[in-house]
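To start, the structure itself, in structure tokens.
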Amino acid sequence: MVAHPFLALILIRCFVCEAAQSVLIALFQLNTPEFTMLLAALPKTFQDGATKLLQNHLKNTGNAAQAPMGSPLTRHTPRSPASWSSPVTSPTNTSQNTPSPSAFDYDTENMNSEDIYSSLKGVTEAIQNFSVRSQEDMNEPVQRREGEEGGSGMDGRVSDLMDGGRMALDNKTSLLNTPLLSSSPRGAREHFSDSPFKHSRKDTSLDDSEQLTDESSLDQSELVAELLKELSNHNERIEERKAALCELLKLIRENTLQVWDEHFKTILLLLLETMGDREHVIRTLALRVLREILSKQPWRFKNYAELTIMKALEAHKDPHKEVVRAAEETAAMLALSISPDQCIKVLCPIIQSADYPINLAAIKMQTKVVERIPREGLISLLPEIVPGLIQGYDNSESSVRKACVFCLVAIHAVIGEDLKPHLSQLSSSKLKLLNLYIKRAQSGSSGSEPPSEGL
855 MVAHPFLALI
865 LIRCFVCEAA
875 QSVLIALFQL
885 NTPEFTMLLA
895 ALPKTFQDGA
905 TKLLQNHLKN
915 TGNAAQAPMG
925 SPLTRHTPRS
935 PASWSSPVTS
945 PTNTSQNTPS
955 PSAFDYDTEN
965 MNSEDIYSSL
975 KGVTEAIQNF
985 SVRSQEDMNE
995 PVQRREGEEG
1005 GSGMDGRVSD
1015 LMDGGRMALD
1025 NKTSLLNTPL
1035 LSSSPRGARE
1045 HFSDSPFKHS
1055 RKDTSLDDSE
1065 QLTDESSLDQ
1075 SELVAELLKE
1085 LSNHNERIEE
1095 RKAALCELLK
1105 LIRENTLQVW
1115 DEHFKTILLL
1125 LLETMGDREH
1135 VIRTLALRVL
1145 REILSKQPWR
1155 FKNYAELTIM
1165 KALEAHKDPH
1175 KEVVRAAEET
1185 AAMLALSISP
1195 DQCIKVLCPI
1205 IQSADYPINL
1215 AAIKMQTKVV
1225 ERIPREGLIS
1235 LLPEIVPGLI
1245 QGYDNSESSV
1255 RKACVFCLVA
1265 IHAVIGEDLK
1275 PHLSQLSSSK
1285 LKLLNLYIKR
1295 AQSGSSGSEP
1305 PSEGL
């Protein structure tokens, strides 16, 4: 079975990638009990989405009526591999054949740049459907209803409890309602300075080499749970969420947070959602927290690179300068933290297809990425990188044209004259201007502002 990060990513992609739906159903059929246990560790909104997908699948294959009483996921009997090719319900279409294993990958090799960019945007939009939006989503206790009789079909196992448009599972899916976070006996509204972790940090500071005790770790987990519950109040309780973000930022900067394995996915999802908050101060703080996590825990973003990059680039459209500044800092940190290959695969289609200012932000980020790539590796990536820069050289925005020149100069600094064969589409005047700035860069002269008449 897959680990939690992979399961969470599959769930995020389910509404934009039909192959991801097939993967989810295949995992359910492969080992239903273990799949259910893994699903129980994710936020309830993830659980709801997965259950609805599996419910539709079982209905379409005529097996809904065979589901016995109890959890619809824990009691279902896996079918043989021969039956895995049944159609998968999709928001837009249905497939008559299960994709081959290679099709399960988020493959971009056979897609044009607009398809890739649209797919990437779809992933970021899907986060809104799978974000933890309320305290109940993270710490809702299992609700028991006395005297309720269960039905024989899957329909009897879903209770339409609408709370802000969200559907909650009833007591018959109690395994799916296992809280993701360790509940604190104190309410989310309690001031964070009273958290027992404050005292734990003070006590452990006497000996930097001493690890946190089990009790201290529990206190820290409770503190993080409180912070995340507060952050889930999207567009509400502004001052409290500011305090929560500041406290989380402090914990990360001090490098004292020891519960990343338990809480990283929820922290990331909440931050990405908070970047769309109504309050620009909240949006700025969310970006700063994200940047700090990237600097301290960069390896944790491997499975969330495309999603995080897209959200950071989209923040460059914000009307508030402080948010844009924070987005620029976050994009710069992403360029240093995510593997260059991952960055290039995400950035190239954005540069070719996105509008201003997202394309500008992507070009600037790519310039920083290029500086990290060894010569031979960069040469092999030129067919992907250069076409977007040539296209951007003709952009109506002068800042985009300038950024393309600077990126080409950065590429030349790494590979030298091997860049020339890829510039055949440039006009003689544009090539002359590019060579001018290449020479300035080689001589150490400042070439930060190309002449306006040339660009």
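With positions in the sequence shown counted from 1, the corresponding number in the numbering used here is that position plus 854. Where a beta carbon is used, it is the ideal one built from N, C-alpha and C, also for glycine.
Item to complete: Any chance you could list the alpha helix (DSSP H) runs of at least 4 consecutive residues sitting entirely within the segment 1260 to 1307, in chain order?
Response: 1282 to 1297, all fully within the segment 1260 to 1307.
Worksheet item: Can the beta-carbon of Ile1292 be found less than 8 Å from the beta-carbon of His1266?
Response: Residue 1292 sits at position 438 when you count from the first residue of the sequence shown. Residue 1266 sits at position 412 when you count from the first residue of the sequence shown. Going by C-beta atoms, Ile1292 is nearer than 8 Å to His1266.
Practice prompt. Would you give the residue range spanned by the alpha helix (DSSP H) that Gln1220 belongs to?
Written response: Here residue 1220 refers to the residue found at position 366 when the sequence shown is read from its first residue. Following the DSSP letters along the chain, one finds Gln1220 inside the alpha helix (DSSP H) bounded by residues Ile1212 to Val1224.
Worksheet item: Between which two residues does the alpha helix (DSSP H) containing Ala874 stretch?
Response: Working through the sequence shown from its first residue, we reach residue 874 at position 20. Residues Glu872 to Leu884.
Practice prompt. Taking the CB atoms as reference points, tell me whether Ile1106 and Ile1147 lie closer together than 8 Å.
Written response: Your numbering for residue 1106 matches position 252 in the sequence shown. Your numbering for residue 1147 matches position 293 in the sequence shown. Taking 8 Å as the Cβ cut-off, Ile1106 and Ile1147 qualify as a contacting pair.
Worksheet item: Quick one: what's got a C-beta closer than 7 Å to Pro1211's C-beta in the same chain, skipping five residues either side?
Response: As a first step, residue 1211 is located in the sequence shown; it is residue number 357 there, counting from the start. The answer, listed in chain order, is His1170 and Lys1171.
Practice prompt. Rank Glu1176, Pro1173, Ile1217 and Arg1154 by C-alpha distance to the C-alpha of Ser1191 and give the top, closest one.
Written response: Translated into positions along the sequence shown, residue 1191 becomes position 337. Among Glu1176, Pro1173, Ile1217 and Arg1154, the Cα nearest to that of Ser1191 belongs to Arg1154.
Practice prompt. Identify whether Asp1172 lies in helix, strand or coil by the three-state DSSP scheme.
Written response: In the sequence shown, residue 1172 corresponds to position 318, counting from 1. In this structure, Asp1172 counts as coil in the three-state DSSP scheme.
Worksheet item: Taking all protein chains shown into account, do 16 or more other C-beta atoms lie within 10 angstroms of the C-beta of Lys1026, making it buried, or fewer, making it exposed?
Response: One-based indexing of the sequence shown puts residue 1026 at position 172. Any reading at Lys1026 must be qualified, since the residue scores a pLDDT of 28, below 50, and its modelled position is unreliable; no value is offered.
Worksheet item: I think Leu893 touches Gln901, with their Cβ atoms under 8 Å apart; what is that distance to the nearest whole Å?
Response: By 1-based counting over the sequence shown, the position of residue 893 is 39. By 1-based counting over the sequence shown, the position of residue 901 is 47. Leu893 to Gln901, Cβ: 6 Å. Contact.
Worksheet item: Are the beta-carbon atoms of Val1268 and Leu1214 separated by less than 8 Å?
Response: Within the sequence shown, residue 1268 is the residue found at index 414, counting from 1. Within the sequence shown, residue 1214 is the residue found at index 360, counting from 1. For Val1268 and Leu1214, no; Cβs fall outside 8 Å.
Discussion item. Our contact map puts Glu1238 next to Cys1202 with C-beta atoms below 8 Å; I'd like the distance itself, whole angstroms only.
Written reply: Taking the sequence shown and counting its residues from 1, one reaches residue 1238 at position 384. Taking the sequence shown and counting its residues from 1, one reaches residue 1202 at position 348. Going by Cβ atoms, the distance from Glu1238 to Cys1202 rounds to 5 Å, so yes, they are a contact pair.
Worksheet item: Taking the continuous alpha helix (DSSP H) assigned at Ser1149, which residues delimit it?
Response: As a first step, residue 1149 must be located in the sequence shown, where it is residue number 295. Note, Ser1149: alpha helix (DSSP H), His1134 to Lys1150.
Practice prompt. Taking the CB atoms as reference points, tell me whether Leu1124 and Ser1086 lie closer together than 8 Å.
Written response: Residue numbering aside, residue 1124 sits at position 270 when the sequence shown is read from its first letter. Residue numbering aside, residue 1086 sits at position 232 when the sequence shown is read from its first letter. In contact: Leu1124 and Ser1086 (Cβ atoms closer than 8 Å).
Fill in: Gln901 (DSSP reduced to helix, strand or coil)
For the purposes of this step, residue 901 is taken as residue 47 along the sequence shown, with counting starting at 1. Under the three-state reduction of DSSP output, Gln901 falls in the helix class.
Practice prompt. Counting only the same chain and skipping the five closest in sequence on each side, list residues whose C-beta sits under 6 Å from that of Ala1140.
Written response: Along the sequence shown, read from residue 1 onward, the residue named residue 1140 stands at position 286. Here Ala1140 has Leu1125, Thr1128 and Met1129 as same chain residues with Cβ atoms under 6 Å from its own Cβ, once five neighbours each way along the sequence are excluded.
Discussion item. Let me check understanding here. Comparing Cα to Cα, which of Ala1185, Lys1156 and Ile1227 lies closest to Leu1144?
Written reply: Position 290 of the sequence shown, counting from 1, holds the residue named residue 1144. Shortest Cα-Cα distance from Leu1144 to any of Ala1185, Lys1156 and Ile1227 involves Ala1185.
Fill in: Three-way DSSP call (helix, strand, coil) for Pro1237 in this model
One-based indexing of the sequence shown puts residue 1237 at position 383. Here Pro1237 carries a helix assignment [DSSP, helix/strand/coil].
Fill in: Whole-angstrom distance between His1134 and Gln1092, CA atom to CA atom
For the purposes of this step, residue 1092 is taken as residue 238 along the sequence shown, with counting starting at 1. For the purposes of this step, residue 1134 is taken as residue 280 along the sequence shown, with counting starting at 1. At residue 1092 the sequence reads Ile, which differs from the Gln that was named. In this structure, the CA atom of Ile1092 is about 11 Å from the CA atom of His1134.
Discussion item. Less than 8 Å between the C-beta atoms of Glu1094 and Glu1084, yes or no?
Written reply: Reading the sequence shown from its first residue, position 240 is the one you call residue 1094. Reading the sequence shown from its first residue, position 230 is the one you call residue 1084. In this structure, Glu1094 places its C-beta atom within 8 Å of the C-beta atom of Glu1084.
Item to complete: Take Leu1285 as the anchor and find which of Lys1274, Phe1118 and His1117 has the nearest alpha-carbon.
Response: Position 431 of the sequence shown, counted from the first residue, corresponds to residue 1285. In terms of CA proximity to Leu1285, Lys1274 leads the group Lys1274, Phe1118 and His1117.
Discussion item. Tell me which residues share the same chain as Leu1167 and place their Cβ nearer than 7 Å to its Cβ, disregarding the 5 neighbours each side in the sequence.
Written reply: By one-based count along the sequence shown, residue 1167 stands at place 313. Cβ neighbours of Leu1167 within its own chain (closer than 7 Å, five residues either side excluded): Ala1185, Ile1204, Ile1212, Ala1215 and Ala1216.
Item to complete: Tell whether a beta-carbon distance below 8 Å holds between Val1223 and Ile1163.
Response: Stepping through the sequence shown from its first residue, residue 1223 is reached at position 369. Stepping through the sequence shown from its first residue, residue 1163 is reached at position 309. Taking 8 Å as the Cβ cut-off, Val1223 and Ile1163 do not qualify as a contacting pair.
Worksheet item: With a Cβ-Cβ cutoff of 8 Å, do Leu1236 and Ile1227 count as a contact?
Response: Position 382 of the sequence shown, counted from the start, is the residue given in the question as residue 1236. Position 373 of the sequence shown, counted from the start, is the residue given in the question as residue 1227. For Leu1236 and Ile1227, no; Cβs fall outside 8 Å.
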